[in-house]
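In full-length UniProt numbering, the protein residues as written are 1 to 343.
Every residue, glycine too, gets a C-beta built ideally from N, C-alpha and C.
Only a predicted model underlies this, so the values are computations on that prediction, with no experimental measurement involved.
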Amino acid sequence: MCLFPLFRCCNDVDQIKQRLNLNAKRYECMPNPLNKWSLATRTPDPYKGNSTFYSQCQSGFTYQPDLNQCLMWMNDKLLSFTESRTRCNSFGGELISIHNAFQNGLLAQMQNDRGWLGAVRDRTDHPWFWMDQTPFDYQRFQSQAAGGYCAYLDSSDQLWKIVDCNSEAMYALCAAQPVDQTTQAPTVCQAVDNQPLYNCLKGWQYSPQTGYQYLVFFDQNFTTGEAYCQSQGGHLASIHSDTENDFVTSLCCKSGCTKYSAQPPFYLGAFLVGGRKTNGQMVWTDGTPFDYQHPPCYEINDDEAAVIIVDHYDCGYGCYPGAWLIAKPFTVDVFPYLVCKKR
Numbered sequence: 001m002c003l004f005p006l007f008r009c010c011n012d013v014d015q016i017k018q019r020l021n022l023n024a025k026r027y028e029c030m031p032n033p034l035n036k037w038s039l040a041t042r043t044p045d046p047y048k049g050n051s052t053f054y055s056q057c058q059s060g061f062t063y064q065p066d067l068n069q070c071l072m073w074m075n076d077k078l079l080s081f082t083e084s085r086t087r088c089n090s091f092g093g094e095l096i097s098i099h100n101a102f103q104n105g106l107l108a109q110m111q112n113d114r115g116w117l118g119a120v121r122d123r124t125d126h127p128w129f130w131m132d133q134t135p136f137d138y139q140r141f142q143s144q145a146a147g148g149y150c151a152y153l154d155s156s157d158q159l160w161k162i163v164d165c166n167s168e169a170m171y172a173l174c175a176a177q178p179v180d181q182t183t184q185a186p187t188v189c190q191a192v193d194n195q196p197l198y199n200c201l202k203g204w205q206y207s208p209q210t211g212y213q214y215l216v217f218f219d220q221n222f223t224t225g226e227a228y229c230q231s232q233g234g235h236l237a238s239i240h241s242d243t244e245n246d247f248v249t250s251l252c253c254k255s256g257c258t259k260y261s262a263q264p265p266f267y268l269g270a271f272l273v274g275g276r277k278t279n280g281q282m283v284w285t286d287g288t289p290f291d292y293q294h295p296p297c298y299e300i301n302d303d304e305a306a307v308i309i310v311d312h313y314d315c316g317y318g319c320y321p322g323a324w325l326i327a328k329p330f331t332v333d334v335f336p337y338l339v340c341k342k343r
C-alpha cells in the first residue's frame, strides 16, 4: 500500500507552491516558474529498505520517522468516522492527531485527499479532544461555527473541516506507535476525574485464564457491534466468570462522572457485551450457556434487554466498575465501548 509521494507539491496558506523538506523539517519555495521539481533534484529516501525502521511497525503499517509513528492510509473504502475508527482500532491503531504546523502539512501531503482526524467533541460548546489521548495543543479549523462533532483534514487547503460524524464518508490515516512486535505499549491511565473515555488497550488481547482473545472497539449499537465482531471471526463477548468479567473491565482506563462518550446519547464509560434477553431468557450471541451473571446494580425485566458492564466509578446510583446494568434501551443505543471475543 503506497502511503504518499514524499515530494508532492503543495500549497501553503498564501497559495504559494512549496516543497516539504523532510530532512530539514521546513517548507522550501519552488525554484522554477513551472513550480515543479525535476526527478534529479529529489533527495533519496534514507529510510527506504531500512529494516531497522520498518520492523517497528506491524503488518500493513509503514514507519514515518519525522512523526515517529507507524501509518496506514486506509484508502480502499470510503467510510464514516465511526466505521473508519473501528477499522483503525482493529489494526491496533488510532486515527491521526496533529500537534503542530509541520505535522499538519506533512500529513496533508501524505493523504492528498480528505481524511478523518481523530478529533471529536461531545457537545458543540465543549472543547475538542484527540481520541489517542494526546494533548489538544494545536488546531487549524476553517471555522468553529459548524455544528458537527467530528472533523477531517482537507489536503487541498490543509484546513480542518467540522462535519457530522456519520453523514460523510471519506478515507483516513491510521496511526500506531512503533513498538517491538513481541511487546505491547502499556496503557497509561490518568486520575479518574481527569480520564477521558477511549483510553483502552488496542488490538486483540489474549487472556490465558479463559483461552480467548478480546478486542475493544467504539461507538456502535448492539446490532452493528455484533455484525462487526462476526466480520472479525468472533461475537460480542460472553462472560462466564468473575475472572473474565474483571479481564474485560481491565481493557480500558476507568473514568469518572463528568466524562461522556463522543456519540449520542453520551453515556459514561461502559462496555456493551453480547448478552440480551430473548423470549424471557438471557442468552449470549455466541451461543454459549448463560451460566454466570454478575449482580446487577440496575435491571429492567424487559424482553430484548441487553447487558452492559460499568467502567466508571460510583456516580450516585450505586454502580461501580465491573457491575452489570440490564435494560432494554441498550440494544439500540450507541455505546462507547464494545468487546469482541474469539479463540
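Residue i in three-state terms, based on DSSP
i: D333; result: coil
i: K342; result: strand
i: Q293; result: coil
i: D219; result: strand
i: G225; result: helix
i: R140; result: coil
i: Y86; result: It is Thr, not Tyr, that sits at residue 86 in the sequence shown. Of the three classes helix, strand and coil, the one that applies to T86 here is helix, per DSSP.
i: K328; result: helix
i: S231; result: helix
i: A323; result: coil
i: R42; result: Any answer about R42 is weak, because its pLDDT of 27 lies below 50 and its placement is not dependable; what the coordinates show is given next. Reduced to three states, the DSSP call for R42 is coil.
Short Cβ contact (8 Å threshold) for residue i with residue j
i: V120; j: C150; result: yes
i: L251; j: C200; result: yes
i: L79; j: F217; result: no
i: L153; j: G115; result: yes
i: G269; j: D311; result: yes
i: H294; j: G322; result: yes
i: K254; j: V188; result: no
i: F335; j: I309; result: no
i: A237; j: Y214; result: yes
i: C174; j: M74; result: yes
i: Q111; j: S155; result: yes
i: P178; j: N68; result: yes
Endpoints, beta strand (DSSP E) assigned at residue i
i: D154; result: 150 to 154
i: Q69; result: 69 to 79
i: L159; result: 159 to 163
i: Q281; result: 281 to 284
Nearest candidate by alpha-carbon position, reference residue i, set the options
i: A176; options: E94, L268, A146, D66; result: E94
i: Q263; options: D122, C70, M282, N75; result: D122
i: T258; options: R343, N112, P196; result: P196
i: A172; options: K254, Y298, F247, A108; result: A108
i: I239; options: T224, T288, R343; result: T288
i: L325; options: A169, V283, C315, Y298; result: Y298
i: A227; options: D76, P65, E83; result: E83
i: V283; options: H235, A101, F102; result: H235
i: D333; options: F247, G233, T243, D219; result: D219
i: F247; options: T224, Y206, T278, Q232; result: Y206
i: E168; options: G148, S155, D157, C174; result: G148
i: N279; options: S261, D302, S59, D286; result: D302
Start-to-end residues for the alpha helix (DSSP H) that takes in residue i
i: V188; result: No alpha helix (DSSP H) contains V188, which DSSP labels as neither H nor E.
i: T243; result: 242 to 249
Minimum length 4: unbroken alpha helix (DSSP H) runs contained in the stretch 98 to 138: Along the length of the stretch 98 to 138, whole alpha helix (DSSP H) runs at least 4 residues long occupy 101 to 111, reported in chain order.
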